[in-house]
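In the numbering used here, the protein residues as written are 1222 to 1468.
Shown next as structure tokens:
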């Protein structure tokens, strides 16, 4: 039984590796699908480890390494592709990494690589998380899966919720650069964000979490992928309000 959680963690790494390959090839829809499969494995491995009472230091380190690929490398690569499209004038199916060094526009060729700041910030956050024993019932900074979900929702919005306005906003290089910096900051900020862990079903103790889940469900049903950035913003705002109330 001890090997089951680690096997599921390796599945997380497998799906994350597939997502990275699809991201490099600019098949961003498939990258998002593999990322979601990896996140599901990331949730299941910890759950099973606790249920089977087989938590181990090896499992902790393996989980962090898998997260670095699935929730760290993949969103950085996706942001590189989006920035490459933005610098090239709009949505296209050609991979930025194939044409990155063609032509003589040195600055324009290198700007999209700034998306990898998300990967660097994710790695730094995961390293801090591994040595922080206080992040049990809450998180300090935005968790890497939530951050990656936010980034990977952007191409899905272009695919499924695209309009002239959303396309112009998402594929604006300045918007993407600001989102990259904001993402990197939130990952390593000192913001205290609640964790969706329930010790009991009491509404008094878990009211904020229940309200957040209800709002998230309504947004997803009405706005589809466009809801994801709003849900992440709602998560941060509600966590801040809860922190102020506690003080």
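Backbone N, C-alpha and C define an ideal beta-carbon position, used for all residues, glycine too.
Proximal residues to residue i (C-beta, below 8 Å), its chain only, five neighbours per side dropped
i	result
residue 1382	1444, 1445, 1446 and 1447
residue 1405	1338, 1339, 1341 and 1342
Supposed contact pair residue j and residue i - C-beta distance, whole angstroms, cut 8 Å
i	j	result
residue 1283	residue 1227	6 Å
residue 1513	residue 1294	No answer is possible for residue 1513: the residues shown for the chain start at 1222 and end at 1468.
residue 1289	residue 1336	Actually they do not touch by this definition, with Cβ atoms about 16 Å apart.
residue 1412	residue 1457	7 Å
residue 1291	residue 1236	7 Å
residue 1265	residue 1312	Going by Cβ atoms, the distance from residue 1265 to residue 1312 rounds to 34 Å, so no, they are not a contact pair.
residue 1441	residue 1430	In fact, because the Cβ distance is near 16 Å, the residues do not count as touching under 8 Å.
residue 1435	residue 1455	Between residue 1455 and residue 1435 the Cβ distance is about 11 Å, and since that is not below 8 Å, they are no contact.
Whether residue i touches residue j by CB criterion (8 Å)
i	j	result
residue 1296	residue 1339	yes
residue 1197	residue 1259	In the structure as shown, the chain starts at 1222 and stops at 1468, and residue 1197 therefore has no counterpart that could be examined.
residue 1359	residue 1318	no
residue 1351	residue 1285	yes
residue 1341	residue 1302	no
residue 1377	residue 1253	yes
Rounded straight-line distance, which links the Cα of residue j to that of residue i
i	j	result
residue 1246	residue 1234	18 Å
residue 1369	residue 1287	13 Å
residue 1333	residue 1251	21 Å
residue 1439	residue 1433	10 Å
residue 1267	residue 1310	43 Å
residue 1410	residue 1262	26 Å
residue 1321	residue 1238	22 Å
residue 1314	residue 1347	32 Å
residue 1386	residue 1274	50 Å
Cutoff 7 Å; reference residue i; Cβ partners in own chain excluding five residues on either side
i	result
residue 1307	1392, 1393, 1394 and 1397
residue 1450	1371 and 1374
residue 1270	1226, 1276 and 1280
residue 1453	1367 and 1371
Residues near residue i by beta carbon distance below 6 Å, same chain, minus five either side
i	result
residue 1231	none
Neighbour flag for residue i against chain D, beta carbons, 8 Å
i	result
residue 1290	Given the protein chain composition of this structure (a single chain), no chain D is represented.
Residue ranges of each alpha helix (DSSP H) run of no fewer than 4 residues wholly in the stretch 1222-1280, ordered along the chain?
1224-1245 and 1249-1272
Hey, which unbroken runs of the alpha helix (DSSP H) at 4 residues or more fall wholly within the stretch 1384-1455?
1385-1391, 1394-1408 and 1424-1444
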